[in-house]
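Trainee:
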Amino acid sequence: MSTLALKADHISKSFYDPVTFEVLRDVSFEIEKSKFYSIIGKSGCGKSTLLYVLSTMDTDYKGTLELNGNVVTGQSQNELARFRNEHLGFVFQFHFLLPEFSVLKNIMLPALKLGKYSKSEIEDRAYEKLKLVDMTEHALKPASKLSGGQQQRVAIARSLINDPSIIMGDEPTGNLDQNNSRIIVDIFMKLAHESGQTIITVTHDLDIAAQSDNVIEMMDGKIISMT
Numbered sequence: 274m275s276t277l278a279l280k281a282d283h284i285s286k287s288f289y290d291p292v293t294f295e296v297l298r299d300v301s302f303e304i305e306k307s308k309f310y311s312i313i314g315k316s317g318c319g320k321s322t323l324l325y326v327l328s329t330m331d332t333d334y335k336g337t338l339e340l341n342g343n344v345v346t347g348q349s350q351n352e353l354a355r356f357r358n359e360h361l362g363f364v365f366q367f368h369f370l371l372p373e374f375s376v377l378k379n380i381m382l383p384a385l386k387l388g389k390y391s392k393s394e395i396e397d398r399a400y401e402k403l404k405l406v407d408m409t410e411h412a413l414k415p416a417s418k419l420s421g422g423q424q425q426r427v428a429i430a431r432s433l434i435n436d437p438s439i440i441m442g443d444e445p446t447g448n449l450d451q452n453n454s455r456i457i458v459d460i461f462m463k464l465a466h467e468s469g470q471t472i473i474t475v476t477h478d479l480d481i482a483a484q485s486d487n488v489i490e491m492m493d494g495k496i497i498s499m500t
């Protein structure tokens, strides 16, 4: 059985408006399962663009991308949407919770869309994920009544509802204070080392990067080091 969660092979991408600019330049690397990776680099180096390619949400690139042994390059948008919902979890800088919905309902939504479990099973699973992020007591509160750190923990629980093998974060602690950032990093470490999920985050915070298992550093659209 392969130990690889992700393999990127000669990924290149350009923007064309107003002029042609190559934002990713022949990027190749591999990500191992059950580890926490941080992608770092100065603003504009291509790290967020790379994450969106890796997430299959950006398909306008050259090269080949393989996730969990599946070559996803060239698949249709409908195929990719199904793959994302079942295999990938996402945590962004802004939580994107629906403020008028309860915490529980927000977490349940991706699983309801997937349609793999009954509604009662999905509710049970949502409570399990809330327990992982220590937010069970807030399950029935409207999402709008939570603090920023609490909302981000709920966003992590939502990303876990379909048991994705890979979780990707784009500056997931960018809007949080140091204490809440530490809580989020601890959750990611636990997911990687105890639940066997692979975490890939883009971050400007070098303290967070230092706590991850591996650091991928980018400059000018290229990976310059991987430790």
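Here the numbering used here is used: the first residue of the sequence shown is 274, the next is one more, and so on. Note that beta-carbon positions come from the ideal geometry of N, C-alpha and C, so glycine has one too. Predicted model only: the values in this text are computed from it and were never measured.
1) Of the choices A281, D282, K280, R298, whose alpha-carbon is the least far from that of F288?
2) Which value, in whole angstroms, describes the spacing of the CA atoms of M462 and F309?
3) Report the CB separation of V345 from F356 in whole angstroms; it is logged as a contact under 8 Å.
4) Leaving aside the five residues before and after T293 along the sequence, list all residues of the same chain whose C-beta is less than 7 Å from its C-beta, in chain order.
5) Buried or exposed: where does L413 fall if 16 or more other Cβ atoms within 10 Å of its Cβ makes it buried?
6) Assign S468 to one of three DSSP states: helix, strand, or coil.
7) Give a yes or no on whether 7 Å exceeds the smallest Cβ distance from N435 to chain B.
8) Ends of the alpha helix (DSSP H) at T337?
9) How close, in whole Å, do the beta carbons of I304 and L361 come, if the pair is a contact with beta carbons under 8 Å?
10) Nearest to K402 by alpha carbon, out of F302, N435, L387, S391?
11) So what's K463 in DSSP terms, helix, strand or just coil?
Mentor: On the basis of the supplied data:
1) When only C-alpha atoms are compared, the closest one is R298.
2) 7 Å
3) 6 Å
4) S287
5) exposed
6) coil
7) Given the protein chain composition of this structure (a single chain), no chain B is represented.
8) Where T337 is concerned, there is no enclosing alpha helix (DSSP H), although the beta strand (DSSP E) it sits in stretches over 335-340.
9) Wrong, their Cβ atoms sit about 13 Å apart, outside the cutoff.
10) Check the Cα spacing between K402 and each of F302, N435, L387, S391: the tightest is with N435.
11) In this structure, DSSP gives K463 a helical state, which the three-state scheme calls helix.
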